[in-house]
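*Asks:* With the sequence shown counted from 1, adding 639 to any position gets you this note's numbering. C-beta atoms are modelled at their ideal positions from N, C-alpha and C, and glycine is treated no differently. First the structure, which I've put down as structure tokens, then a few questions once you've had a look.
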Amino acid sequence: MWLTDVRLVDLDLGAHAAAAVHVVDGRIDRIADAPPPEAPTLDLGGRFLLPGIVTVHTHLSIVFPFSDTDEDEDRALTALRSAERAHAALFAGATTVRCIHEQHRIDITVRDAARRGWFRAPRILAGGRALSTPDGHGQGTGSAYAKGADAFYAAAVAELEAGADHLKIFITGGLAHAGERPEVPEMTDAEIGAVVRAATEAGTYVVAHAGHHAAIRQALDQGVTSFEHAYVVDEATASLLARPGIFVSPTLSVTRSESWMRANHFEEHSIANAKAASGEHLASIQRLIAAGVTLTNGTDYPPGDDCDGVPAFVAEMGFMHGAGLSLRDTLRSATVNGAAVCRIDDEVGRVAPGYVADLIAVDDDPLADIAAMAGISFVMQDGVVLRDDRKGMR
Ligand SMILES: [Zn+2]
């Protein structure tokens, strides 16, 4: 099938051009000016075509407020909650999500059920349970708890053997719990090194919840390549993070979504923590942008959740652009860069021949105004049209 009358957004050039895109067996076959005569077509009516969104800081199973989490919850309940959120994220336009801590490793379950065709979910890169010290940021959320290098290594291997695609650790405190601080380190060099060793032996990598630059430098030295939050990062660390192969998800949503937090019954201490951190968080992300760090889109909220009228991943794009990231790089953060950190950038995150036909379309030019991303009206996954809101309207 040919998708015709599209304006193809080129995220390398930061430009768009009229095109037709040929999709065969779930992949992009070729791109041409126009389809051959008589070929089956789907007219997109001049819409702007982009790769499906790749968002990389997802918790499908998370419970709000966090204190309502029941670590002994029935797995079926966890699965139903998570499957619904996966479905919502996909139909909102997030065709790929990276999960980085799920109760009962439910991301692995949802991923495998979707792969078997039992329901539609985004392509899921699963992390299983995060690895946490018993009194660390992961406490009370169904993490895998460990203390000491040997215990962290064993916990890491257990997640990988259960089917995790990557590993998640908490190297600092965060903003969620009363009394915790994002600048407080939570793991030793040996513990971080042990998890990196387990990941490397399995051909994968480690994602770190990272609130402060001191722990980020510690983890960089141990070989961690994927960092989340970066609430407090100085200029010197920003330039270290600008190395090729290192990725940061700013998750600006975490410190600037008070109405969403209130709607989800967050406790006052969590809201106060987020508000207090928001100024330095923004300044830190601006240091990362100035240093040229490769940024990815991460929400920390279910990506399809409504945040002030748009899906969470779109709200995050708005925050990143608002922080000073160019429109082209904001779009790259949620496509090519996300695919790169997930190590699937040879087949996901671009509209190019050979790539998976995960595509979205918007009515207005996203290279002119990020607000265009609020208007996703077409979602295709693996060459199957899941949503075409304008169909039948013309
Ligand atoms: Zn998180």
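Quick one: is the Cβ of D939 within less than 6 angstroms of any heavy atom of ligand 1?
*Replies:* yes
*Asks:* Indicate the three-state DSSP secondary structure (helix, strand or coil) for S965 in the structure shown.
*Replies:* Taken through DSSP and simplified to helix, strand or coil, S965 comes out as coil.
*Asks:* May I have the straight-line CA-CA distance separating F958 from A654, to the nearest angstrom?
*Replies:* 22 angstroms
*Asks:* What does the Cβ neighbour count give for W641, buried or exposed, with the cut at 16 atoms within 10 Å?
*Replies:* buried
*Asks:* Please state whether DSSP places R1033 in a helix, a strand or coil.
*Replies:* At R1033, the pLDDT of 44 sits below 50, so the modelled position is not reliable; the number obtained from the coordinates is stated separately. Looking at R1033 - three-state DSSP - the assignment turns out to be coil, as it is neither helix nor strand.
*Asks:* Hey, how far is the Cα of V695 from the Cα of V995?
*Replies:* Roughly 18 angstroms between the two C-alpha positions.
*Asks:* Beta-carbon within less than 7 angstroms of V975's beta-carbon, same chain only, minus the 5 sequence neighbours each way: which residues are those?
*Replies:* L650, D984, G988 and R989
*Asks:* Provide the residue span of the beta strand (DSSP E) that contains E867, from first to last.
*Replies:* S865 to V871
*Asks:* Which two residues bound the contiguous alpha helix (DSSP H) that contains K1035?
*Replies:* An answer regarding residue 1035 cannot be provided, because it is not within the stretch 640 to 1033 covered by the chain.
*Asks:* Suppose the cutoff is 8 angstroms on Cβ atoms and the five residues either side in sequence are ignored; what does the same chain contact list for G931 look like?
*Replies:* A881
*Asks:* What's the C-alpha gap between G918 and T811?
*Replies:* 19 angstroms
*Asks:* Under 8 angstroms by Cβ, that's how I've got A763 and P992 pegged, so tell me the actual separation to the nearest angstrom.
*Replies:* Residue identity differs from the one stated: residue 763 is Ile in this sequence, not Ala. The C-beta distance from I763 to P992 rounds to 25 angstroms, too long to meet the 8 angstroms contact threshold.
*Asks:* Smallest Cα separation from L998: which of D751, A722 and F730?
*Replies:* F730
*Asks:* Classify G957 as helix, strand or coil using the three-state DSSP reduction.
*Replies:* helix
*Asks:* Given this structure, state the Cα-to-Cα distance separating V645 from D774, to the nearest angstrom.
*Replies:* 52 angstroms
*Asks:* Leaving out five residues before and five after G850 in sequence, what residues of the same chain have Cβ atoms less than 7 angstroms from its Cβ?
*Replies:* Hits under 7 angstroms: T811, G812, G813, P821, E822, H868, Y870 and V871.
*Asks:* Specify the secondary structure class of Y1034 as computed by DSSP and reduced to three states.
*Replies:* This structure leaves residue 1034 out entirely; the chain is present only between 640 and 1033.
*Asks:* Quick one: give me the first and last residue of the beta strand (DSSP E) that H805 is part of.
*Replies:* First-last for H805: undefined, no H or E at that position.
*Asks:* Tell me, which residues are paired with A847 by DSSP?
*Replies:* I808 and F866
*Asks:* Please name the residue, chosen from A922, A911 and T894, that lies closest to T938 on a Cα-to-Cα basis.
*Replies:* T894
*Asks:* Jot down the residue ranges of each uninterrupted beta strand (DSSP E) in the region 685-726, minimum 3 residues, whole runs only, in chain order.
*Replies:* 687-690 and 692-697
*Asks:* I'd like to check one pair, L806 with A795: are the Cβ atoms closer than 7 angstroms?
*Replies:* yes
*Asks:* For A978, which residues in the same chain have their Cβ closer than 6 angstroms to its Cβ, ignoring the five residues on either side in sequence?
*Replies:* V693, D984, V987 and G988
*Asks:* Between which two residues does the beta strand (DSSP E) harbouring H661 extend?
*Replies:* Taken as a continuous stretch (DSSP letters only), the beta strand (DSSP E) holding H661 covers A654 to V663.
*Asks:* Assuming G818 and V1018 are in contact, meaning their beta carbons sit under 8 angstroms apart, how far apart are those beta carbons, in whole angstroms?
*Replies:* With a Cβ gap of about 42 angstroms, G818 and V1018 do not count as contacting.
*Asks:* Would you call H904 buried or exposed, if buried means 16 or more other Cβ atoms sit within 10 Å of its Cβ?
*Replies:* H904 is exposed by the Cβ-count criterion.
*Asks:* Assuming R856 and L879 form a contact by the criterion Cβ under 8 angstroms, report the distance between their Cβ atoms to the nearest whole angstrom.
*Replies:* 7 angstroms
*Asks:* Do you know how far the Cα of D746 is from the Cα of T864?
*Replies:* 21 angstroms
*Asks:* Could you check whether F809 and H848 sit closer than 7 angstroms to each other, using their CB atoms as the reference points?
*Replies:* yes
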